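Numbering (the working numbering), first residue to last: 23 to 628.
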Ligand code: M6R
């Protein structure tokens, strides 16, 4: 979603702002803009890519500025709606949604303000301007303005009558500060500042901060001046650059063996599992846990769907998996002994955060975040946490975040099973051994790419596809369909294969490619009958099968043999071919796989 960069320095900040925007491109955007103070306020905006903005910025030079990539919510993508928005000499960039923008617009119009855009953000610019003209410094004007705002925001503000500072504030949307030597920065994401500083302060909700070239002031929601901890960002430039790969998605697919190995590093040399892998209080919390509620969105929700099978069969815990945006508005029955597990790559997904708060407000206090971003809001809001160590995921389509989530969730199921006396010593050590071999097995699955490319060639001309799985592989079919829709724009549906004859079979003909996940498990024979139903209607079948699955190729049936049979870990392996299938189909269709249309990487608004 939208991205913010701000910089104040003794040198020209324009290249820093542009570079920062480029590093935020992965979040998804439809326009970009920059405002600087160099004698007066200068603003440039573009509906093209950041490189277009860079071109028109030409020889622009200034020591103070703010910049933004916009992902349209209020008002169509256009130059007039692009940020920064201005009011007199005040300029504002904003991430989030101002919910009371309509009433504020009316109020400000009454005071004589004219609106030049359809955005909710413009009210912030006029509101700050209105407070400024009542006297007082920019910092106070921004603080007073934020008191009147309802909704979520991260903002950065500059004022041409005071070129020595940038004021920023956050509530419900991420914002951090970067500390340089005699220069300071602000951004919505640490990757935007990689080229200038690793020293990061994560602002807390309600914080307002003033940055000058050599000083920093942070005030909390209660008006107290506060010091916030300085973190050293572990992000390296290489981790957010393409290297030998053509796209970030391709890079991230191929990074999965390493990402899973890093995530499981905490147990690779262990002989036994301990609850404390999930946090200091995990031993106590897990003992009192009698059910699990998983809250997540999109791909992370699919990881939760897989985890339900593991948690119920291994740990014997009833598990409910809910789409966060639905759960938060549903009258559900709460259970104080339920462990609320949130799953999120970014840790900033607004619906997941709100669902967690909703669950807590209903007396379900014990929470665990499975997340890829250490300092994210989700991690900070949870009692327990487990970090997926996938490294930065830049491609909008989630790949390595998903497989590392699955690896983390297997561990969770095993630990809960052990706490509940259901994991014998022998089984524990066999499972740990399988986890140790998982990265190598993932590497072998990546070797199926040439066969997957041939499948992608068959799939790419089609407009629709079906994905089938059974049991724990049904959510993997859902993830395969989501990936395909997201980047190839081919309409895809996933079904539990037993559901086929209850409706979707009507869609099957020679124009409907059907992809099936068919490991040699206890449901294989049932699945084979479902596949017969497809063949009998002339459907073209593409089957991912184990070596010993007793499934043969024939007219209308293509089989790719998986190199390993991974038992309980099979869903993790079967994810990879489906990711590669979506990737190659999208590439063949000429799509931008890293930045699919209409989508954003971090969905920080409702
Ligand atoms: O950062 P999160 O894991 O919370 O994001 C949730 C979804 O927005 C995300 O998984 C989305 O579905 C992906 N683009 C799918 O590839």
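The beta-carbon is built from N, C-alpha and C at its ideal position, and this holds for glycine as well.
None of these values were measured; they are calculated from a predicted model.
Residue 287 has its CB no nearer than 7 Å to any heavy atom of the ligand M6R. One residue list follows from the rule of a beta carbon closer than 5 Å to any heavy atom of the ligand M6R, given in chain order as 319, 320, 321, 322, 366, 367, 368, 371, 419, 420 and 625.
Counting along the chain, the unbroken beta strand (DSSP E) around residue 107 starts and ends at 107 to 109. Here residue 207 is not near residue 197, since their CB atoms are 8 Å or more apart. A contact is defined here as three or more CB-CB pairs under 8 Å, and the stretch 520 to 535 meets this definition with respect to the stretch 544 to 560. Going by DSSP, residue 472 is part of the alpha helix (DSSP H) stretching over 471 to 481. Contiguous beta strand (DSSP E) elements confined to the stretch 218 to 274 occur at 221 to 224, 230 to 233 and 238 to 241, taking only those with 3 or more residues. Taken through DSSP and simplified to helix, strand or coil, residue 373 comes out as helix.
Using a Cβ distance threshold of 8 Å, residue 536 and residue 563 count as a contacting pair. In this structure, the alpha-carbon of residue 123 lies about 5 Å from that of residue 142. Per DSSP, residue 502 lies in no beta strand (DSSP E) segment; the continuous alpha helix (DSSP H) that holds it begins and ends at 496 to 510. Beyond the five residues adjoining it in sequence on each side, residue 593 comes within less than 7 Å, by CB distance, of 328, 428, 494, 495 and 498 in the same chain, given in chain order. Residue pairing from DSSP places residue 391 in a beta bridge opposite 364 and 407.
By the CB criterion at 8 Å, residue 419 and residue 271 fall inside the cutoff. Rounded to the nearest angstrom, the gap between the Cα atoms of residue 47 and residue 223 is 22 Å. Here residue 410 is actually not in contact with residue 317; their C-beta atoms are around 16 Å apart, not less than 8 Å. With respect to the C-alpha of residue 269, the residue from 475, 306 and 416 having the closest C-alpha is 416. Distance from the CA atom of residue 397 to the CA atom of residue 344, rounded to whole angstroms, is 24 Å. Residue 616 and residue 220 have their C-alpha atoms roughly 25 Å apart.
Remark: C-beta atoms of residue 182 and residue 111 approach each other more closely than 8 Å. Look at residue 384 here: in three-state DSSP terms it is coil, with no helix or strand label.
As computed with DSSP, residue 55 is found in a beta bridge with 67 and 90. In the DSSP secondary-structure assignment, residue 28 is bridged to 88 and 208. Residue 531 and residue 274 have their C-alpha atoms some 35 Å from each other. Residue 441 carries a helical assignment under DSSP once its states are collapsed to helix, strand and coil. For residue 164, the closest C-alpha among the options 544, 113 and 431 is that of 113. Distances from the alpha-carbon of residue 288 to those of 622, 383, 430 and 361 put 430 closest.
Per DSSP, residue 320 is one residue of the alpha helix (DSSP H) stretching across 320 to 332. At a Cβ-Cβ threshold of 8 Å, residue 432 and residue 297 do not count as neighbours.
Going by DSSP, residue 626 is part of no beta strand (DSSP E) at all; its letter is neither H nor E. Per DSSP, residue 555 is not a residue of any beta strand (DSSP E); the alpha helix (DSSP H) it occupies stretches across 546 to 558. Rounded to whole angstroms, the gap between the alpha carbons of residue 41 and residue 28 is 11 Å. Classified as buried, residue 322 has 16 or more neighbouring CB atoms from the shown chains inside 10 Å of its CB. When C-beta atoms of the stretch 114 to 134 are compared with those of the stretch 74 to 84, fewer than three pairs fall below 8 Å, so the two segments do not count as touching. Residue 359 carries a coil assignment under DSSP once its states are collapsed to helix, strand and coil. Just so you know, the alpha carbons of residue 179 and residue 386 end up roughly 38 Å apart.
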